[in-house]
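Data first, discussion second: the structure below is written as structure tokens.
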Amino acid sequence: MRELLLCPPDFYGIEYEINPWMSRARGAEAALAQKQWKELYATLSKLDCKIHLVAPQPKLPDMVFTANAGLTVGRKFIPSNFRHQERAGEAPHFAKWMEEHGYEIRWLPDDLYFEGEGDALFGDDVLFCGYKFRSDIQSHRAVADMLGCLVISLELVDPRFYHLDTCFCSLPDGTAVWFPAAFEEYGQRAIREHVTELIEVLPEEAMHFSCNAVVIERDIVLSEGAPKLVATLRDHGYRCHQLPMSEFIKAGGACKCLTMFMPQRQ
Ligand code: ARG
Numbered sequence: 000m001r002e003l004l005l006c007p008p009d010f011y012g013i014e015y016e017i018n019p020w021m022s023r024a025r026g027a028e029a030a031l032a033q034k035q036w037k038e039l040y041a042t043l044s045k046l047d048c049k050i051h052l053v054a055p056q057p058k059l060p061d062m063v064f065t066a067n068a069g070l071t072v073g074r075k076f077i078p079s080n081f082r083h084q085e086r087a088g089e090a091p092h093f094a095k096w097m098e099e100h101g102y103e104i105r106w107l108p109d110d111l112y113f114e115g116e117g118d119a120l121f122g123d124d125v126l127f128c129g130y131k132f133r134s135d136i137q138s139h140r141a142v143a144d145m146l147g148c149l150v151i152s153l154e155l156v157d158p159r160f161y162h163l164d165t166c167f168c169s170l171p172d173g174t175a176v177w178f179p180a181a182f183e184e185y186g187q188r189a190i191r192e193h194v195t196e197l198i199e200v201l202p203e204e205a206m207h208f209s210c211n212a213v214v215i216e217r218d219i220v221l222s223e224g225a226p227k228l229v230a231t232l233r234d235h236g237y238r239c240h241q242l243p244m245s246e247f248i249k250a251g252g253a254c255k256c257l258t259m260f261m262p263q264r265q
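Listed below in structure tokens is the structure:
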């Protein structure tokens, strides 16, 4: 059974601006964010998975985005080295929680930025890693050495799609959902070479964070606003669960950003 890590949005809010989606002037509605997060929790709870919760911390409003806690493979947990000081304080809380739950913590060198599962997603045995806006390309080699797996580095080119999980999502049968324009040309080619079947997301649907989906076997949990993608996924035999995610999109995240797999791969 898949295990997931989530963090309740008790201290969530738009308190700084570190990506183009965030605007302190606009803010997020706390009550609505709670409601949307609870709906995500309830939806995931009904699927074949076990959910763990890490305690939210005051003054760390983005801690809800547990995909950025780090990357878990087997019993190893590689904590993130956040690029922005605003999020750096999350790292010790996540590392402590993972250690208490029996994971072996493997820190990256301090000078390599790496934002965990937000920028590192397996497609079969290949670990696809995004870089430029958040993670450094040099962190990918370090991660590959720690895990002993093949890593493919993909340059992200659109600041709105600053983490890999905002524009790429692999599915169990060698298929992946992606928004090609978010990748530099070489990365697009690498994805085309390594993924058997690609489902392309339209720009207007990608803007609703529809690539940012949690996939559990044949169930896909994603934000609403992507009817074309949902129809295609249904044709491929997936059950889609569409959720309102407006308050988290205001921070530049949605369903997958709010979820980390423990582990992502055995
Ligand atoms: N406000 C957060 C940030 O900019 C959002 C993180 C979204 N997480 C993700 N895995 N894409 O860091």
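Numbering (numbering that gives the first Met the number 0), first residue to last: 0 to 265.
From the three backbone atoms N, C-alpha and C, an ideal C-beta is built for every residue, glycine too.
Just so it is clear, the structure is predicted and the values come from calculations on it, not from any experiment.
As assigned by DSSP and simplified to three states, the class of residue i
| i | result |
| --- | --- |
| E223 | coil |
| I50 | strand |
| V229 | helix |
| W106 | coil |
| W20 | coil |
| S245 | helix |
| T174 | strand |
| A162 | One detail in the question is off: residue 162 reads as His in this sequence, not Ala. Coil, per DSSP. |
| H272 | It is not possible to answer for residue 272, since the shown part of the chain is limited to 0 through 265. |
| H193 | helix |
| R25 | coil |
| F93 | helix |
| H139 | helix |
| Q56 | coil |
| A32 | helix |
Residue burial classification, residue i (beta-carbon count within 10 angstroms, cutoff 16)
| i | result |
| --- | --- |
| G73 | exposed |
| Q241 | buried |
| P158 | exposed |
| D118 | buried |
| G236 | exposed |
| A30 | exposed |
| T195 | exposed |
| H139 | buried |
| A66 | buried |
| R238 | exposed |
| Q35 | buried |
| L149 | exposed |
Among the options, nearest to residue i - alpha-carbon criterion
| i | options | result |
| --- | --- | --- |
| G88 | V142, L59 and I198 | L59 |
| C266 | K131, E103, K37 and S138 | This structure does not reach residue 266, given that the chain is present from 0 up to 265, and the question cannot be answered. |
| Q137 | A27, L163, S245 and L107 | L107 |
| S209 | D47, C168 and E246 | C168 |
| A24 | T231, M206 and K249 | K249 |
| R233 | L170, D9, V156 and P243 | L170 |
| E192 | G122, A32 and Q263 | G122 |
| S79 | M244, H162, P8 and G12 | H162 |
| R133 | Q84, I104, L149 and F178 | Q84 |
| P8 | E2, Q56, M0 and R1 | Q56 |
| C330 | M0, R217, E28 and V53 | Only positions 0 to 265 of the chain appear in this structure, which leaves residue 330 out of reach. |
| L126 | R105, D135, S152 and A90 | S152 |
| L201 | T258, E116, E216 and A181 | A181 |
| V213 | L155, L120 and C128 | L120 |
| T174 | Y11, T165, I190 and F160 | I190 |
| I104 | A90, I77, E116 and G129 | I77 |
| E98 | A68, E28 and G26 | A68 |
| F10 | E216, D172, F64 and T258 | F64 |
For residue i, the residue or residues it bridges with in DSSP
| i | result |
| --- | --- |
| T71 | F76 |
| F127 | L120 and I151 |
| E2 | K49 |
| M259 | L4 |
| E199 | W177 |
| V213 | V220 |
| S169 | A175 |
| R264 | V72 |
| R238 | D218 |
| F113 | N80 |
| F208 | According to DSSP, F208 bridges with nothing at all. |
| F182 | L155 |
Residue i beta carbon near the ligand ZN (any heavy atom closer than 7 angstroms)
| i | result |
| --- | --- |
| A175 | No copy of the ligand ZN appears in this structure; the ligands present are the ligand ARG. |
message = Would the region 106–118 count as touching the region 40–54 if we require 3 or more Cβ pairs under 8 angstroms?
response = No: the two stretches stay apart, fewer than three of their Cβ pairs being nearer than 8 angstroms.
inquiry  = Using 8 angstroms as the cut-off, can you tell me whether the region 224–234 makes contact with the region 185–194, which would need three or more C-beta pairs spanning the two stretches below that distance?
reply    = No: fewer than three Cβ pairs fall under 8 angstroms.
ask   = Can at least three beta-carbon pairs, one atom from the region 81–100 and one from the region 142–149, be found at a separation below 8 angstroms?
value = Segments in contact, no.
ask   = Is there contact here, the region 43–54 with the region 14–21, by at least three beta-carbon pairs under 8 angstroms?
value = No, the region 43–54 does not touch the region 14–21.
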